[in-house]
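In the numbering used here, the protein residues as written are 4 to 200. Just so you know, even glycine gets a beta-carbon here, dropped at the ideal spot from N, CA and C.
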């Protein structure tokens with residue numbers, strides 16, 4: 004499950020509905036897809052796309068996306084740091100950045116245009132995020148430097164990073180925590196609580 008952090012406020016949101024509510028005014032769509040027992044996370048690209056075909060088809064219809072693929076990044080990828088350096092600087096894209104995380108973790112930093120503070124969204128297996136075209140952001144992997152994700156495109160050329168030239172990304176560490184680390188450190192997490200009678 005994703006974690007949303009506002010570093011300047013030392014605030015963390017871990018509840019799915021609260022994350023959706025926070026992101027909605029920023030035009031960012033966040034959702035969770037069922038993954039338990041669905042398919043081996045190391046299955047082939049075609050098998051993964053087939054397993055999630057209903058959700059991918061619905062996204063294509065809703066967003067006008069034409070193609071979908073599966074990206075697989077591991078520490079063994081040649082020139083991994085060079086690849087990451089393309090995306091860990093503040094940039095925009097000409098089209099939406101749609102990712103469903105099949106395996107691993109990564110972190111998106113969003114720099115709102117309206118002057119709100121920079122916030123991060125740590126995504127992991129089962130998380131779907133859609134960062135709209137034109138949104139200032141950057142992305143990095145967590146410490147294990149591994150992620151596998153379904154990507155959707157209207158046109159792959161639209162995914163080329165358009166750098167803003169702002170060095171803001173260098174002032175933020177790509178820190179991924181996960182819910183267990185945060186709870187252990189005693190940081191307050193905004194989470195829904197269900198009470199039963």
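Identify the continuous beta strand (DSSP E) that holds residue i and give its terminal residues.
{"i": "residue 70", "result": "70-76"}
{"i": "residue 127", "result": "122-127"}
CB of residue i to nearest heavy atom of the ligand ATP: below 7 Å?
{"i": "residue 35", "result": "Of ligands this structure carries none, so the ligand ATP is not represented either."}
Once DSSP output is grouped into helix, strand and coil, what is the label at residue i?
{"i": "residue 36", "result": "coil"}
{"i": "residue 106", "result": "strand"}
{"i": "residue 85", "result": "helix"}
{"i": "residue 116", "result": "coil"}
{"i": "residue 80", "result": "coil"}
{"i": "residue 42", "result": "coil"}
Please name the residue or residues paired with residue i in a DSSP beta bridge.
{"i": "residue 27", "result": "Residue 27 is not bridged to any residue."}
{"i": "residue 101", "result": "133, 155"}
{"i": "residue 142", "result": "111"}
{"i": "residue 216", "result": "Residue 216 lies beyond the stretch modelled for the chain, which goes from 4 to 200, so this question has no answer here."}
Please return the same chain residues whose Cβ sits closer than 7 Å to the Cβ of residue i, not counting the five positions on each side in sequence.
{"i": "residue 141", "result": "90, 91, 92, 93, 94, 112, 172"}
{"i": "residue 146", "result": "179"}
Locate the alpha helix (DSSP H) running through residue i, then write down its first and last residues.
{"i": "residue 171", "result": "That residue, residue 171, is in no alpha helix (DSSP H); it is neither H nor E in DSSP."}
{"i": "residue 59", "result": "56-66"}
For residue i, count the other beta carbons within 10 Å of its own beta carbon; 16 or more makes it buried, fewer makes it exposed. Which is it?
{"i": "residue 138", "result": "buried"}
{"i": "residue 133", "result": "buried"}
{"i": "residue 74", "result": "exposed"}
{"i": "residue 106", "result": "buried"}
Please go through the same chain and pick out, in chain order, the residues whose beta-carbon is closer than 8 Å to the beta-carbon of residue i, but skip the five residues on each side of it.
{"i": "residue 26", "result": "7, 32, 33, 124"}
Excluding five sequence neighbours on each side, which residues of the same chain lie with their C-beta closer than 6 Å to the C-beta of residue i?
{"i": "residue 59", "result": "71"}
{"i": "residue 23", "result": "33"}
{"i": "residue 203", "result": "In this structure the chain extends from 4 to 200, so residue 203 is not present and cannot be described."}
Please confirm whether residue i has its beta-carbon closer than 8 Å to some beta-carbon of chain D.
{"i": "residue 107", "result": "Absent from the structure: chain D. Only one protein chain is present."}
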